[in-house]
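In this note's numbering, each residue carries its 1-based index in the sequence shown increased by 452. We treat Cβ as the ideally placed atom computed from N, Cα and C, and that holds for glycine. Notes follow the structure.
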Amino acid sequence: MQFIDLITQKNRIRTSLLQRIEAIVDHGQYIMGPEVLEIEKQLAAYVGTKHCVSCSSGTDALLMPLMAKGIGPGDAVLTTPFTFVATAEVISLAGATPVFVEVLPGTFNIDPELIGHAVDEARNKGLDPKAIIPVDLFGLPADYDRLETVAASHGLWILEDAAQGFGGTFHGKRAGSFGLVGATSFFPAKPLGCYGDGGAVFTDDDELDRLLRSVRVHGQGDGDDKYQNVRVGINGRLDSMQAAVLIEKLAIFDDELIERQRVADSYSSRLKGRVQVPEIPEGYTSSWAQYSVLASSTAEREKIMGALQKAGIPSVIYYRIPLHLQKAYEGLGYKKGDFPISEDFSSRIFSLPMHPYLKDEEIDRICDVIVNS
Ligand SMILES: Cc1ncc(COP(=O)(O)O)c(C=O)c1O
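In structure tokens form, the structure reads like this:
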């Protein structure tokens, strides 16, 4: 059994995808070719933003807005310690300091009520708080109603980390469209993935769109001379083959989201009581990047994961170490006990196979193993 089945999906799009790839081989615009412009238009329409700037990874999609907004040394950017490392890494890469904010016990997402406290903490450290990066963890958008209000009250702007959330919604608005700017990843295992690295940035802000396009290509100027560099940028371009994969996969994405919801519903109805199943609050939908559950203790997690492994069923821990306890962030001065909810999640969480092509019999088999373990 696969944790994420990309083979069945590939078989579904294979013929049309190969036609697109052949066209790229022949037209020769391998980077930023017509497929890239096409997918940017399609993605902006899908997410519901005025602009989409494609780029080379989800990490670059997070880094580019920080660079475009001039985030740097002395600035603080608030984010959660219960996320993939890239969310905090880009803050450090920009030269700023991550300030962690605890997550909510129900949803794994950043707690808006604690933003004010983190702003004070940043100021006490002599930092200038500038922005928040909420993460749509496991596919569920963060609480943007409250986050947008609290961010505005502290003069902060929001960069949505929708690397996992792409496809999720909050009051009908799609992930990627919240805050000033949103970022997503097209890493192959993501809900919408390509066949390599890729990412995209979304915004309604014309000036930010212009800056992002410059940062994406080594800070190039607006004029005809592409070797005129007006700011420091990166090589963040997306290549045409990846864009072609995304075009084919976006066409079946809504159908896949329905199937992901089917899998999640089956899991939740069977596993409730044996483990703590994910909570999707009223008004939200998840893209189910991961289906993550909480065991009652670390020992229980080991027992269940051991039983799954014995049955040939893969399961994975996201995330075993919260970021404030990672070696790379030792220098920030956090210690064990600073974020008890995140630490508790790290000790009990695990994720089950999740993809649109998981059959009902497979779900039954996974649930049987867990319930009987
Ligand atoms: C929450 C989160 N942020 C950022 C990233 C970085 O994306 P990428 O791997 O495409 O650089 C990922 C994915 O790996 C992620 O899960």
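Throw me the rounded Cβ distance for the Val638 and Leu644 pair, which I believe falls under 8 Å.
It should be noted that the sequence gives Phe, not Val, for residue 638. Between Phe638 and Leu644 a beta carbon distance of about 6 Å is seen, short of the 8 Å cut, so the two are scored as contacting.
Which residue comes first and which comes last in the beta strand (DSSP E) that contains Cys507?
Segment His503 to Cys507, the beta strand (DSSP E) holding Cys507.
Excluding the five sequence neighbours on either side, which residues of its own chain have a C-beta within less than 8 Å of the C-beta of Ile476, listed in chain order?
Leaving aside the five residues that flank Ile476 on each side, the residues in its chain whose CB is nearer than 8 Å to its CB run, in chain order, Tyr482, Gly485, Glu487, Ser692, Met693 and Ala696.
List the whole-angstrom C-beta distance separating Val587 from Ile567, where the pair is believed to meet the contact cut-off of C-beta under 8 Å.
With a Cβ gap of about 14 Å, Val587 and Ile567 do not count as contacting.
Cα separation between Glu708 and Ser506?
Across the structure, Glu708 and Ser506 are spaced so that their CA atoms are roughly 22 Å apart.
Cβ-heavy atom distance between Thr532 and ligand 1 below 7 Å?
For ligand 1, not one heavy atom lies less than 7 Å from the Cβ of Thr532.
For Glu731, I'd like the list of residues in its chain whose CB is within less than 8 Å of its CB, leaving aside the five on either flank, ordered along the chain.
Cβ within range, chain order: Gly558 and Thr559.
Should Ser492 and Thr511 be called a contact, given that it needs their Cβ atoms to be closer than 8 Å?
The residue asked about is misnamed: residue 492 is Glu in this sequence, not Ser. Against a cut-off of 8 Å, the Cβ pair of Thr511 and Glu492 comes out as no contact.
What are the boundary residues of the alpha helix (DSSP H) that Asp816 is part of?
Segment Asp812 to Val823, the alpha helix (DSSP H) holding Asp816.
Have a look at Tyr771 and Ala538 and give me their C-alpha separation to the nearest angstrom.
In a straight line, the C-alpha of Tyr771 is about 13 Å away from that of Ala538.
Own chain partners of Thr460 with C-beta closer than 7 Å, once the 5 adjacent residues on each side are dropped
So the qualifying residues of the chain are Tyr809.
Does the distance between the C-beta of Leu514 and the nearest non-hydrogen atom of ligand 1 fall short of 7 Å?
Yes, the Cβ of Leu514 comes within 7 Å of a heavy atom of ligand 1.
Where does Leu698 land, buried or exposed, given buried means 16+ other C-beta within 10 angstroms?
Classification of Leu698: buried, given that the 10 Å Cβ count is 16 or more.
Sorry if obvious, but does the Cβ on Asp691 come closer than 7 Å to a heavy atom of ligand 1?
Taking 7 Å as the cut-off, one finds no heavy atom of ligand 1 near enough to the beta carbon of Asp691.
Assuming Ile822 and Arg726 form a contact by the criterion Cβ under 8 Å, report the distance between their Cβ atoms to the nearest whole angstrom.
Contact holds; Cβ gap of about 6 Å.
Helix or strand or just coil, what does DSSP make of Arg689?
If DSSP states are grouped into helix, strand and coil, Arg689 belongs with coil.
Nearest to Leu664 by alpha carbon, out of Asp677, Gly634, Asp676 and Lys642?
It is Gly634 whose Cα lies nearest to the Cα of Leu664.
Using the rule of at least 16 other Cβ atoms within 10 Å of the residue's Cβ for burial, across every protein chain shown, is Gln667 buried or exposed?
The sequence given here has Val at residue 667, not Gln. Answer is buried; the Cβ neighbour count reaches 16.
Check each candidate in Val653, Pro550, Leu702 and Gln616 and name the one with the smallest Cα separation from Met806.
Nearest neighbour of Met806 by Cα position, chosen from Val653, Pro550, Leu702 and Gln616, turns out to be Gln616.
Where does Lys762 sit, in a helix, a strand or coil, going by DSSP?
Looking at Lys762 - three-state DSSP - the assignment turns out to be helix.
Quick one: what does DSSP say Leu664 is sitting in, helix, strand or coil?
The answer is helix: DSSP assigns Leu664 an H, G or I state.
Would the C-beta of Gln728 count as close to ligand 1, meaning under 7 Å from any of its heavy atoms?
For Gln728, the distance from the CB to the nearest heavy atom of ligand 1 is not below 7 Å.
So, using beta-carbon positions, are Thr535 and Leu775 closer together than 8 Å?
Between Thr535 and Leu775, the CB-CB gap stays under 8 Å.
Using the C-alpha atoms, what's the distance from Ala652 back to Ser721?
Rounded to whole angstroms, Ser721 and Ala652 show a C-alpha spacing of 35 Å.
Distance, Asn561 Cα to Ala594 Cα:
Across the structure, Ala594 and Asn561 are spaced so that their CA atoms are roughly 6 Å apart.
Taking the runs of the beta strand (DSSP E) that are 3 residues or longer, which of them lie wholly in the segment 575-602?
Listed in chain order, the complete beta strand (DSSP E) runs (minimum 3 residues) inside the segment 575-602 are 580-585.
Taking DSSP as the reference, what is the three-state secondary structure of Lys642?
The answer is coil: DSSP assigns Lys642 none of H, G, I, E or B.
Mind reading off the beta-carbon distance from Gly688 to Ser508? Whole number of angstroms is fine, and I expect it under 8 Å.
With 8 Å as the limit, Gly688 and Ser508 qualify as a contact, their Cβ atoms being about 5 Å apart.
Which one of Ala528, Tyr679, Ser798 and Leu495 has the shortest CA to CA distance from Lys577?
Comparing Cα positions, the closest option is Ala528.
Is the closest heavy atom of ligand 1 to the C-beta of Asp649 under 7 Å?
Correct: Asp649 has its Cβ closer than 7 Å to ligand 1.
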